[in-house]
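K.L.:
Chains as they are written, first to last, in this note's numbering: chain G, 1 to 338; chain H, 339 to 676. Think of the CB as a built atom: it goes at the ideal place given N, C-alpha and C, for glycine as much as any other residue.
There are 2 protein chains.
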Amino acid sequence: MRFETSTIKDIAKALGLSTSTVSRALRDRYEISEETKKLVLAYAEKVNYRANPIARSLKERRSYSIGIIASEIANNFFSQVINGIESIAYDKDYHVIISQSHESYKQEKLNVEHLASRSIDGLLIALSSETQDIDYLRDLYTKGLPIVFFDRVPEDFETHKVIANNFKGSFDATEHLILSGKRTIAHLTNSENLSITKERLKGYKAALVKYHIEFRPELVKYCQHGGMHSAELEQAVKELLPLQPDGIFISSDRLTTGCIMALKKTNPEVAHKIAIAGFTNSNLVELFSPSLTSVKQPAFEMGQVATELLISMIEAKRPITEFETRILDTELVKMPKH
Amino acid sequence: MRFETSTIKDIAKALGLSTSTVSRALRDRYEISEETKKLVLAYAEKVNYRANPIARSLKERRSYSIGIIASEIANNFFSQVINGIESIAYDKDYHVIISQSHESYKQEKLNVEHLASRSIDGLLIALSSETQDIDYLRDLYTKGLPIVFFDRVPEDFETHKVIANNFKGSFDATEHLILSGKRTIAHLTNSENLSITKERLKGYKAALVKYHIEFRPELVKYCQHGGMHSAELEQAVKELLPLQPDGIFISSDRLTTGCIMALKKTNPEVAHKIAIAGFTNSNLVELFSPSLTSVKQPAFEMGQVATELLISMIEAKRPITEFETRILDTELVKMPKH
DNA sequence: AAAAAGTGTGCAAACGTTCCCAAAAACGTT
DNA sequence: AACGTTTTTGGGAACGTTTGCACACTTTTT
């Protein structure tokens, strides 16, 4: 804000002290006598003194801000993650700058670079479904920018990561479809290069194996753009239906809602005949028709954990050598009676 | 970021120039010769020079950041507004800090004050449904913080505002219910003090008048917390149903989805018998059951317009005396056949 | 030929902090 | 009475920019 606010200098002048004394008194340093501290604090209170965070940042060479790259905030999974992030960041006096990749690699890179030039102290990122080349992140990381990945994480990048138990979540969802009598279960999933895609595919396969159901590759459809284009989804649905699946397991939030829409739009007559299970954190899932079984990720907690890890990296005195990958359990919310 | 980056000083030293010359060359000032400019620009490019935004902010006494207060980003209306805001802000080189009030006055005030202390250059705000006292905003405003209101605006505050045509949107929705044969139309709405509540109530009443339907106050239910607590909604539904409405017109996004949920939960047998029309920007509305007629606000555009107005205030050389209230048209999306 | 105007550059202060270093004040010890 | 210690304070540089002003040098005008 450009409007006049009192500064340390003003306080110093008013009290006949030096700026250094005032600064130290405000930060409650041991060197300053109780008397002086009280004096300064009282006066600061009186004139409603607020430290200028920009000056502080310049001096301390850090901004107390962390950047977030999510696919899109309109997606409940990400908005919940963000809430988790904020709950921790706020406590520790960081603020948060949110960017959306909209599942585009180009946009993601642009945003990261914009954030970096904005002097963020650290980065929380879920990779876009298009992203394959993460060298630009590696660059920033080796230059000293702390990075923590969540949800969509790269394999070959040594840092903290926070993910859901994708294998188990997928296994449970697929098993649930099988146990309700489905035998031809399609799998609609994200772009092949995402970590979540691979892990969720494994869970799906494992459930099939357990119940001696043959895995048929043609029942698996990948969506390069993660469901951001409806044409992509409609195409996938169109290719899947001739195989007459009696169940579909869908691998992410946007895909789940998008797939149901595509089904309803292109083949309303079968939409209610196919059992659907999918990853989604939508808080409107109870309203959906057809209804579905959903795998909910612990999104809020994921944001919290990722932020704690990131801040620990930012504030670490010595370089970190031990990194962890936290795996959080998902929750299966079964479809109400059909 | 704390890692080494080159500064103007480094460039100056390397090129045997003064920092002022380099600074001016980079900003393409007329005083500097073409020759020198080229030299500086080339070298800056080579060392990948990025101006330090913090230093710049300190010197210029502005942060190139704008604050947003929304109810919650999980709400599609707000996420769309934010997308609109970002589209403009990004272009003009501002960045955006998002805060959520979760419809709580206390949280809203806290967030605004936090943002203000973070040196934002301007504020975009939609009031929480609890908010009645906006003196704290007035304070900041008179101290020089530019503020633009969107969606939920105060009456007695002279600044730019951007709203939807709430009257017409409500009128249209109510009329649509009437034209499809409904005569006992309830109105579920937000807290009484919000601007949108008042305007939408007027539209509802006007439609009743046009079709000679008596206005019955007991058919109007207010929700102080804007649908953030499910208990509040269930209570409202419980009070409404004995009056046997054949239609409900609902006045905001969160309330619309919340009301349908409450209906389904508490009275599933009637849920499909009541025609519902409501304000919502949910992009999942096609999936809902029961289906509904929705009034969509031009959220993206609202964000854009608000941001343009705000930036014009921030960058104005002289105090602004003429303020405008922009009113944007809503769109009625009719329910598919029942 | 001198004065005026124009062009290109550098010096140094300022933005509001933090923190190293020194200095002053208060106290105790011989 | 002289000297250490400890406690408390102040001076001033630094963080990386921007910008008013002064200066030197050219060119134009009278």
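#1: For H:THR315, would you say it is in contact with chain G, using Cβ-to-Cβ distances shorter than 7 Å as the test?
#2: Residues in the stretch 70-83 of chain G with C-beta within 8 Å of chain H's C-beta atoms, listed in sequence order?
#3: Return the chain-ordered list of same chain residues with a C-beta closer than 7 Å to the C-beta of H:SER425, the five sequence neighbours on each side being excluded.
#4: Closest to G:PRO319 by CA distance: which of G:THR142, G:SER57, G:ALA51 and G:THR293 is it?
#5: Taking 7 Å as the threshold (C-beta atoms), are H:PHE488 and H:ASN619 in contact?
#6: Mind checking G:SER230: buried by the 16 CB within 10 Å criterion, or exposed?
#7: What first and last residue would you give for the alpha helix (DSSP H) that runs through H:LYS506?
#8: For a contact defined as C-beta to C-beta under 7 Å, what are the partners of H:ILE436 on chain G?
#9: Count the other CB atoms, across all protein chains shown, that sit within 10 Å of the CB of G:ASN111; report buried if there are 16 or more and exposed otherwise.
#10: To the nearest angstrom, report how far apart G:THR5 and G:TYR49 are at their CA atoms.
#11: Would G:ILE8 count as contacting chain H if we go by Cβ distances under 7 Å?
#12: In angstroms with no decimal places, state the Cα-to-Cα distance between G:SER117 and H:ILE649.
#13: Going by other Cβ atoms of all chains shown within 10 Å of its Cβ, with 16 needed for buried, is G:ASP93 buried or exposed?
#14: Which residues, taken in chain order from the stretch 572-598 of chain H, show a beta carbon closer than 8 Å to some beta carbon of chain G?
#15: Do you know how far the Cα of G:LEU309 is from the Cα of G:GLU322?
#16: Pull out every residue of the stretch 21-54 of chain G whose Cβ sits closer than 9 Å to any Cβ of chain H, in chain order.
#17: Counting pairs of Cβ atoms below 8 Å between the stretch 214-225 of chain G and the stretch 580-587 of chain H, do you hit three or more?
#18: Can you find the residues in the same chain that come closer than 7 Å, C-beta to C-beta, to H:TYR542, ignoring five residues on each side of it along the sequence?
#19: Is the separation between the beta-carbon of G:ILE8 and that of G:SER23 shorter than 7 Å?
#20: Which full runs of the beta strand (DSSP E) of 3+ residues lie inside the stretch 548-624 of chain H, going along the chain?
#21: If the cut-off is 8 Å on Cβ atoms, which residues from the stretch 118-130 of chain G count as contacting chain H, listed in chain order?
#22: Flag H:SER627 as yes if its beta-carbon sits less than 7 Å from any beta-carbon of chain G, otherwise no.
#23: Put H:ARG340 into one of helix, strand or coil per three-state DSSP.
#24: Should G:VAL153 and G:SER191 be called a contact, given that it needs their Cβ atoms to be closer than 7 Å?
#25: What are the complete beta strand (DSSP E) segments, minimum 3 residues, inside the stretch 79-149 of chain G?
#26: Measure the CB-CB distance between H:SER467 and H:GLU441 and report whether it falls below 7 Å.
#27: DSSP puts H:LEU670 in a beta bridge; with which residues?
#28: Let me check understanding here. Comparing Cα to Cα, which of G:LYS317, G:GLU315 and G:PHE300 lies closest to G:ASP329?
#29: Contact between the stretch 206-215 of chain G and the stretch 232-246 of chain G is defined here as three or more beta-carbon pairs at a separation below 8 Å; is this criterion met?
#30: Where H:VAL378 and G:LYS59 are concerned, what is the direct C-alpha to C-alpha distance, given to the nearest angstrom?
#31: Distance cutoff 7 Å, beta carbons only. Does G:SER57 sit that close to anything in chain H?
#32: Closest to G:GLU35 by C-alpha separation, out of G:LEU15, G:ALA51, G:VAL47 and G:LYS46, would be which residue?
#33: How would you label G:ASP135, buried or exposed, when you count the other beta carbons within 10 angstroms and need 16 or more for buried?
#34: Identify each residue in the stretch 608-622 of chain H for which the Cβ-Cβ distance to at least one residue of chain G is less than 8 Å, and report them in chain order.
#35: In three-state DSSP terms, what is G:GLU58?
P.N.:
On the basis of the coordinates in this document:
#1: Past the boundaries of the shown model lies residue 315 of chain H; chain H is included only from 339 to 676, so the question cannot be answered.
#2: So the close ones are GLU72, ILE73, ALA74, ASN76, SER79, GLN80, ILE82 and ASN83.
#3: GLN642
#4: G:THR142
#5: no
#6: Under this definition G:SER230 is an exposed residue.
#7: 504-517 is the span of the alpha helix (DSSP H), which, as asked, contains H:LYS506.
#8: Going along chain G in sequence order, the residues near H:ILE436 (Cβ under 7 Å) are ILE98.
#9: buried
#10: 7 Å
#11: no
#12: 21 Å
#13: exposed
#14: Taking 8 Å as the Cβ-Cβ cut-off against chain G, the residues of the stretch 572-598 of chain H that qualify are THR595 and ILE598.
#15: 12 Å
#16: Look at the stretch 21-54 of chain G: the residues with a C-beta under 9 Å from a C-beta of chain H are ARG50, ALA51, ASN52, PRO53 and ILE54.
#17: no
#18: SER508, THR512, HIS525 and PHE587
#19: yes
#20: 558-560, 585-588 and 613-617
#21: ARG118, SER119, ILE120 and ASP121
#22: True, the Cβ-Cβ gap to chain G drops below 7 Å.
#23: With a pLDDT of 48 at H:ARG340, under the threshold of 50, the predicted position of this residue should be treated as unreliable, though the coordinate-derived value follows. It is coil, neither helix nor strand.
#24: no
#25: 95-100 and 122-125
#26: yes
#27: H:VAL633
#28: G:PHE300
#29: Judged by pairs of C-beta atoms under 8 Å, the stretch 206-215 of chain G does not touch the stretch 232-246 of chain G, as fewer than three such pairs exist.
#30: 26 Å
#31: yes
#32: G:LEU15
#33: exposed
#34: SER620, ASN621 and LEU622
#35: Before going on, a small fix: residue 58 of chain G reads as Leu here, not Glu. Correct three-state label for G:LEU58: helix.
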